[in-house]
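In our numbering, the protein residues as written are 173 to 382. Cβ coordinates follow ideal geometry from the N, Cα and C atoms, glycine included.
Following this line, the structure appears as structure tokens:
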């Protein structure tokens, strides 16, 4: 029999924290039946380390959420893009579930305001770190999956990541010259090309290298 993970009990969640979690649910338009699951999804390792009474951090949820997210996106791409080959589907999926996309999704949902992080992380801007935001997003996905099932979590994921999928599809007509060069060099010379970056331009999320 599968044993359920023990989370912080509702009684252990302060009234102020509960109000905060209720606010998040209203903003998101989704309600968790188990408030402990939602609370646990926001609990970063640094916070759990500073509060020994807590049963753990959100890393196990993150592990599960990564797989749930991957399945939702893979199934969506498979069903709605029947003419694309496996390689193209994999490239789109890789972009959509990337740290950048997930951290942007987390910011849109306001996840940064509800995170429980340690003092050290707080002092070094942890709420804005892409890795922490992306990991927390995966944990949030897992918590909703465990609480309400696949249909609810699929709806949430696609509501916010559909624009990212559309963005990739709009750019599909652009040739990936780096990939073409790499494939040609591998085929003819049996080795990988070596690159030297001469210049960089554009914002961090959309860099152009030459």
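From the options, residue whose alpha carbon lies closest to that of residue i
{"i": "residue 282", "options": "225, 195, 260 and 338", "result": "195"}
{"i": "residue 314", "options": "225, 184, 208 and 227", "result": "208"}
{"i": "residue 398", "options": "367, 307 and 184", "result": "This structure cannot speak to residue 398, because the chain is shown only from 173 to 382."}
{"i": "residue 341", "options": "225, 255 and 218", "result": "255"}
Local Cβ density within 10 Å of residue i, reported as buried at 16 or more and exposed below that
{"i": "residue 322", "result": "exposed"}
{"i": "residue 361", "result": "exposed"}
{"i": "residue 345", "result": "Caution is warranted here: a pLDDT of 48 is assigned to residue 345, below 50, making its placement in the model unreliable, and no coordinate value can be reported."}
{"i": "residue 266", "result": "exposed"}
{"i": "residue 229", "result": "buried"}
Whole-angstrom distance between residue j and residue i, CA atom to CA atom
{"i": "residue 193", "j": "residue 211", "result": "7 angstroms"}
{"i": "residue 188", "j": "residue 286", "result": "12 angstroms"}
{"i": "residue 288", "j": "residue 232", "result": "16 angstroms"}
{"i": "residue 258", "j": "residue 317", "result": "27 angstroms"}
{"i": "residue 293", "j": "residue 222", "result": "11 angstroms"}
{"i": "residue 191", "j": "residue 374", "result": "41 angstroms"}
{"i": "residue 325", "j": "residue 334", "result": "14 angstroms"}
{"i": "residue 343", "j": "residue 261", "result": "14 angstroms"}
{"i": "residue 201", "j": "residue 369", "result": "45 angstroms"}
{"i": "residue 243", "j": "residue 249", "result": "10 angstroms"}
{"i": "residue 310", "j": "residue 227", "result": "19 angstroms"}
N- and C-terminal bounds of the alpha helix (DSSP H) containing residue i
{"i": "residue 200", "result": "187 to 200"}
{"i": "residue 370", "result": "Looking at the DSSP string, residue 370 is not in any alpha helix (DSSP H), and its letter there is neither H nor E."}
{"i": "residue 339", "result": "322 to 342"}
{"i": "residue 219", "result": "217 to 222"}
{"i": "residue 184", "result": "No alpha helix (DSSP H) contains residue 184, which DSSP labels as neither H nor E."}
Checklist line | Segments assigned alpha helix (DSSP H), at least 4 residues, entirely inside the stretch 238 to 316 | finding: 258 to 268, 271 to 281 and 291 to 295
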